[in-house]
Structure formats: structure tokens, C-alpha cells
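Under my numbering, the very last position in the sequence shown is 236; numbers go up by exactly one each time. By construction, the Cβ of each residue, glycine as well, lies at the ideal position given by its N, Cα and C atoms. Note that this is a predicted model, so its numbers are computed, not measured.
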Amino acid sequence: MTEGTPGVAETQQFYTRWAGLYDTLASHTPGLGGLRERAITRLAANPGDTVVEMGCGTGANFPYLRDRVGDEGTVVGVDLTGGMLAEARDRIEREGWENVHVVAGDAARPPVADADAVFASFVSGMLANPVAAVDDWADLVGEGGRLGLLDLARSTEQVGRPLNALFSGLVFAGLPSKRRRNVADAPRLLDDRVAAAQRALRDRCEDAHYSTHALGFARLAAGTVE
Ligand SMILES: C[S@@+](CC[C@H](N)C(=O)[O-])C[C@H]1O[C@@H](n2cnc3c(N)ncnc32)[C@H](O)[C@@H]1O
11 MTEGTPGVAE
21 TQQFYTRWAG
31 LYDTLASHTP
41 GLGGLRERAI
51 TRLAANPGDT
61 VVEMGCGTGA
71 NFPYLRDRVG
81 DEGTVVGVDL
91 TGGMLAEARD
101 RIEREGWENV
111 HVVAGDAARP
121 PVADADAVFA
131 SFVSGMLANP
141 VAAVDDWADL
151 VGEGGRLGLL
161 DLARSTEQVG
171 RPLNALFSGL
181 VFAGLPSKRR
191 RNVADAPRLL
201 DDRVAAAQRA
211 LRDRCEDAHY
221 STHALGFARL
231 AAGTVE
């Protein structure tokens with residue numbers, strides 16, 4: 011296991027334990043829905059497309075992704091945590107969506123053969139090798155396919171920097187407890203992985219668009235694979 015990267019079992023245990031609370035926060039935190047919508051608008055999937063969401067969690071992005079692809083398109087969520095997938099399945103059933111599916115699997119080795127677009131939110135920082143993962147996602151969608159990332163990291167903007175200590179505390183609090191003993195600088199690791207993932211997207215896309223939001227804490231990148 012790479013230093014600072016929770017193992018699969020640890021991630022599954024942690025997120026299964028907190029899946030209900032996570033779903034409430036993921037779906038109702040003020041401002042978050044707007045960020046999700048903005049990121050998915052940037053992804054610019056087309057009606058009829060198949061979009062794969064890596065690390066879909068409880069499916070908080072599904073309404074926005076489904077709006078983009080319409081009834082003719084398909085949304086496939088991939089996650090390795092059973093408890094999160096259970097919440098996502100409940101959401102799909104509740105909404106009566108017939109073209110939204112979830113599958114258990116590792117975003118670093120996605121169990122999906124083909125897609126028009128790949129989206130991931132708040133996942134890059136959890137991957138041991140985000141560059142390799144983004145590369146795989148680019149290969150998965152192929153030339154002309156779309157990639158989109160939404161991540162949080164410490165702010166480099168003057169207006170957000172005073173809040174970095176608070177943000178770092180939240181990052182630390184959101185780690186599995188074993189990890190807290192092992193990771194001296196979790197926020198730095200998060201920053202590095204998010205930056206690496208977003209750079210990898212820019213390297214693989216011809217028209218990559220990058221922007222920051224929420225005082226510089228939210229990073230959004232999207233583009234078309236060359
Ligand atoms: C912070 S949550 C984000 C969930 C969702 N994308 C959202 O925006 O609310 C991270 C999710 O990524 C999943 N995850 C972490 N590493 C993963 C991996 N290698 N493959 C698939 N899912 C992973 C976790 O199980 C968890 O559900």
C-alpha cells in the first residue's frame with residue numbers, strides 16, 4: 011500500500027460506516043449541488059451518451075449526469091464500497107431511473123469496457139496513482155471522449171488561504187482513524203494528488219478547461235481526449 015493511501019478494506023470499512031451521513035452531506039451541503047452541476051455542465055456529455063462516474067459514492071451526481079444524457083443515455087457508477095453502493099442503489103430505485111446502474115469495482119482498474127465520458131468528483135485525492143488512473147480513463151473514452159474532474163484541495167487564493175487551517179482540519183477528520191496516525195501531512199498529499207490528476211487531464215486533452223471555485227478550494231477540470 012502506498013503511504014497515505016487507505017487500503018481497499020480500510021476505505022470500504024470507513025465509507026460503509028458513514029455512508030448514511032455522507033449521503034446527507036453530499037446531497038444537502040449548501041453550494042455543493044451548484045458545484046456538481048457546474049462540473050457536469052463542463053463535462054459536456056451529450057444526450058444518448060454513456061457516462062461512467064468513478065468513485066460514485068452514494069450517487070449524489072446521478073441527477074445531474076442523468077439530466078445531461080437523457081432517457082436515451084446511460085449512467086454507470088463505479089465504487090469499491092458496498093455501503094456507498096447500497097445508498098446509490100436506493101437512490102436509483104427511489105427515483106425509478108432505468109438507465110442508471112452501479113457496479114462494484116476499482117476506479118484504478120475500471121470494470122467497464124467503453125464509455126463516451128468519465129467523471130470523478132472528490133476521488134483523485136484517494137488514488138495512490140492518480141496520473142495512471144486518469145490515463146486509463148482517457149484510454150477508456152478514447153479520442154474525442156470527455157473527461158471531467160471535480161476536487162477539493164487547499165486554496166492558493168488570497169481570499170481562501172486564511173481558511174486553509176480549517177480545511178486541513180476537516181481533511182484530517184475525514185480520514186479513517188488508522189490513517190490519522192500514519193499520515194503526517196494529509197492535506198499536502200491531497201493537494202499533490204489533486205494537482206497531479208488535473209495535470210494528467212490537461213496532458214491528455216486538447217481543449218482542457220480548468221477553473222477554481224469556492225474561494226479556491228474547489229478545482230474543476232474538463233476536456234476532450236486527443
Ligand atoms: C469522497 S467520496 C466521493 C463520492 C462521490 N463521488 C461524491 O461526489 O459524492 C469518495 C468515494 O470514492 C470511493 N473510492 C475510493 N477509492 C476508490 C477506488 N480506487 N475505486 C473506486 N471507488 C473508490 C469511496 O468508496 C467513496 O465512495
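- Its Cα nearest to that of F24, the residue M136 stands out among A125, A55, M136.
- The three-state secondary structure of T222, taken from DSSP, is strand.
- Rounded to the nearest whole angstrom, the CA to CA distance from L157 to A130 is 9 Å.
- Counting only runs of 4 or more residues that sit fully inside the segment 144 to 209, the alpha helix (DSSP H) segments are 174 to 183, 187 to 192, in chain order.
- Within 10 angstroms of the beta-carbon of T68 lie 16 or more other beta-carbons, which makes it buried.
- When beta bridges are read from the DSSP output, H111 appears opposite V86.
- Put simply, the segment 84 to 99 touches the segment 112 to 128. At least three CB pairs are less than 8 Å apart.
- The continuous alpha helix (DSSP H) containing T51 extends over residues 42 to 53.
- When only Cα atoms are considered, F177 and T34 end up about 20 Å apart.
- At least one heavy atom of ligand 1 is found less than 7 Å from the C-beta of Y25.
- W28 and M94 have their C-alpha atoms spaced approximately 9 Å apart.
- For L35, the enclosing alpha helix (DSSP H) starts and ends at 18 to 38.
- DSSP places F129 in the uninterrupted beta strand (DSSP E) bounded by 127 to 131.
- C-alpha of C66 to C-alpha of F132: approximately 9 Å in a straight line.
- When C-alpha distances from H223 are compared across E153, Q168, A96, the shortest belongs to Q168.
- Counting along the chain, the unbroken beta strand (DSSP E) around M64 starts and ends at 60 to 64.
- Separation of D77 and A96 (C-alpha to C-alpha, rounded to the nearest whole angstrom) is 22 Å.
- Ranked by how close their Cα comes to the Cα of V79, the residues D201, A218, A125 have A125 in first place.
- Here the alpha carbons of L150 and A142 stand approximately 12 Å from one another.
- T234 is bridged by DSSP to R156.
- Excluding residues up to 5 positions away in sequence, A163, R164 lie with their Cβ nearer than 6 Å to the Cβ of D201 in the same chain.
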